[in-house]
Amino acid sequence: MPEYDSKEFQKFLDEQQYSRNGILRYEKIFGEDFVSTGGIDTTREFVKILKLKNEQKVLDIGCGIGGSAFLMNRDYGAHVRGIDLSTNMIDIANERATKYNLR
12 MPEYDSKEFQ
22 KFLDEQQYSR
32 NGILRYEKIF
42 GEDFVSTGGI
52 DTTREFVKIL
62 KLKNEQKVLD
72 IGCGIGGSAF
82 LMNRDYGAHV
92 RGIDLSTNMI
102 DIANERATKY
112 NLR
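Numbering-wise, this note's numbering puts 72 at position 61 of the sequence shown, and it's gapless, one number per residue.
What follows is the structure in structure tokens.
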């Protein structure tokens with residue numbers, strides 16, 4: 012089994028796979044605050060199934076730039092903690108959370 016170098020993997024994610032410019036291009040395709048297929052419409056469908064309650068805590072694994080977390084907070088009052096492998100995605104999500112007064 013090859014040795015795993017987490018620093019090289021992070022560099023690949025942030026400089027190639029998910030560069031800031033690349034992420035913002037994905038967002039133009041999938042809609043504001045989203046970098047995944049289906050964007051806000053698919054997210055609404057899936058989140059509705061969760062039957063979230065006000066102030067419920069949610070862990071959003073693979074949160075991207077925060078679209079689903081923002082929706083769960085805004086529409087359901089959920090407290091969402093997002094994690095993602097891409098530092099650039101997290102940076103953008105944090106910028107947006109500040110912009111939307113969610114911090």
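Note that beta-carbon positions come from the ideal geometry of N, C-alpha and C, so glycine has one too. The structure displayed is predicted, hence computed values, not measured ones.
Rounded to the nearest angstrom, the gap between the Cα atoms of Asn-65 and Gly-88 is 5 Å.
Its Cα nearest to that of Asn-105, the residue Gly-77 stands out among Asp-86, Val-91 and Gly-77.
Leu-63 sits in coil when the DSSP states are folded into three classes, being neither helix nor strand.
Membership of Asp-102 in the alpha helix (DSSP H) is indicated by the continuous run 98–110.
Cβ neighbours of Arg-92 within its own chain (closer than 6 Å, five residues either side excluded): Leu-70.
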